[in-house]
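Colleague: So the sequence shown is numbered by the working numbering: it starts at 2 and just counts up by one. Cβ coordinates follow ideal geometry from the N, Cα and C atoms, glycine included. In this text, all values refer to a predicted model and were calculated from it rather than measured experimentally.
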Amino acid sequence: MNHEIELKLRLNTSELPLLEKALANNQYISEPTLKLLNRYFDTPQMGLSRGGAALRIRQQGTVEFKDGIATGVITDARIIQTLKTRGTSSAGLHQRMEWDWPLTEVKLDLSLIQNSEAQSHLSPSLALETIAPLFTTDFQRKVWMYQQGETLIELVLDQGEVSTDEHRIDLLELELELKQGQPEVLFHVAEQLASQCPVLMSDISKAERGYGLLARSAHYVDIKKDWVGKIPNFDEQQDVINCFKTFFSFQLSSFQRSLEYVIWDSLQDQNDHATSQIVLLQNLLSLFAYIDCLPDTQLLQRQLRQASEAPLELSRLWGQLSLACGHWLFKLSNDDATFEMSENEKMSMRLHVEQLNNELLPKGIRS
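Structure below.
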């Protein structure tokens, strides 16, 4: 079993030369390019997805090049069955458990799950015998390694497509996965890249994009087309820091997804929502302005003010803002200070939660 910690960045094809130029720096060591074809499986009731898990079979091989051009020859071919279970996502970092099993043919082997500890992480009511293939991801992966002291990070640039029998979408994203060392270095590397190329921090997985495509089909009407992020419950007994972290994390994720919908899915009805989310993030920061655990709070407030006046399009400003928010939240998450919430703060938070409900409920963001 592996424990993944990664940060994902999304970008446009037109910005690809800028990113590859940034990665040509000698601090990034290029690795062989890979070809990957993944088939994702689930039950007819989407039992795996509903339980926060993803099951796939991956065919992987190394792409051979001659004079800088791919020859079409794939070597070192491997077949791997992988199960990923529900993890956590905070401050833009994703952590989850993953099990890999080598296969000799492209055929699902459920006994590998049933005879391992992975089984205990799935619902007892899950009907494994009904699992069938649903969608695929097909892409080329360029790989770089980055090392700073004891910290080792793998950067993978995936370009290709996600497809079902009826629909397809392009795929282009950069993942930074921590192999060893300190997670905060993920933000340092991502921020360095974001200063040279417009990117946006994203928490939408390839599997989630596949399920989103399935939701367009009449055969899968029960799959929800939009992300459903339930507004956190406001616990008045919670200390100030943990209350703030809970709501800032939720609002940051909601804002990022709305911005992705506007930029890549042309969902113009999310324009107002993304803009209002910036205001709500500013309000939350102002509400707890006296928290002086971090020296860069005022800088983050200035960045939010600048962003509120900028057009909703992929730019360095938005990428740097999303990473600044994530990095700021990550640092706060490592602060163990506690403060009791005053009655005035409780009243202000109740009003803030009411604002969130008024903003999100009409747009179907909450279940």
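Rounded to a whole number of angstroms, what is the C-alpha to C-alpha distance between Leu-282 and Leu-127?
Modeller: Approximately 39 Å, taken between the alpha carbons.
Colleague: Among the residues of its own chain, which have a CB less than 7 Å from the CB of Glu-185, if the five just before and after it don't count?
Modeller: These residues qualify, in order along the chain: Phe-331.
Colleague: Here's the rule: buried if 16 or more other CB atoms are within 10 angstroms of the residue's CB, otherwise exposed. What is Ser-309?
Modeller: Classification for Ser-309: exposed.
Colleague: Going along the chain, which residues of its own chain have a beta-carbon closer than 6 Å to the beta-carbon of Pro-134, five neighbours each way excluded?
Modeller: Around Pro-134: Arg-40 and Phe-42.
Colleague: State the Cα-Cα distance for the pair Tyr-29 and Ile-80, rounded to the nearest angstrom.
Modeller: Cα to Cα, Tyr-29 sits roughly 28 Å from Ile-80.
Colleague: With DSSP as the reference, please indicate the residues paired to Gly-53 in a beta bridge.
Modeller: Answer is none; Gly-53 lacks a bridge partner.
Colleague: Going by C-alpha to C-alpha distance, which of Ser-196, Leu-8 and Leu-286 sits closest to Trp-319?
Modeller: Of the listed residues, the one whose Cα sits closest to Trp-319 is Ser-196.
Colleague: DSSP puts His-4 in a beta bridge; with which residues?
Modeller: Per DSSP, Met-98.
Colleague: Who are the near neighbours of Gln-236 in its chain, counting only those whose CB is closer than 8 Å to its CB and skipping five residues on each side?
Modeller: The sequence given here places Asp at residue 236; Gln does not occur at that position. Correct list, in chain order: Cys-244.
Colleague: Less than 7 Å separating the beta-carbons of Ile-154 and Gln-96?
Modeller: No, they are not a contact pair.
Colleague: Identify which residue in Ser-316, Val-74 and Lys-36 has its Cα closest to the Cα of Phe-140.
Modeller: Closest by alpha carbon: Lys-36.
Colleague: Measuring alpha carbon to alpha carbon, tell me which residue in Leu-300, Lys-85, Asp-240 and Ile-264 is nearest Asp-336.
Modeller: Checking every option, the nearest Cα to that of Asp-336 belongs to Asp-240.
Colleague: Three Cβ pairs or more, each shorter than 8 Å: is that satisfied between the segment 7 to 20 and the segment 164 to 177?
Modeller: Yes: the two stretches touch, three or more of their Cβ pairs being nearer than 8 Å.
Colleague: Following the continuous beta strand (DSSP E) through Gly-73, name the residue where it begins and the one where it ends.
Modeller: Start and end: 70 to 85.
Colleague: Would DSSP call Lys-408 helix, strand or coil?
Modeller: The first residue shown for the chain is 2 and the last is 368, placing residue 408 beyond what the model contains.
Colleague: Among residues of its own chain, excluding the 5 on either side of Asp-77, which ones have a beta-carbon nearer than 8 Å to its beta-carbon?
Modeller: Contacts found: Gly-62 and Thr-63.
Colleague: Using the Cβ count rule (16 or more neighbours within 10 Å means buried), how would you classify Ala-311?
Modeller: That one is exposed.
Colleague: Name the residue from Glu-99, Lys-108, Glu-314 and His-122 whose alpha carbon lies nearest to the alpha carbon of Pro-199.
Modeller: That would be Glu-314, whose Cα lies nearest to the Cα of Pro-199.
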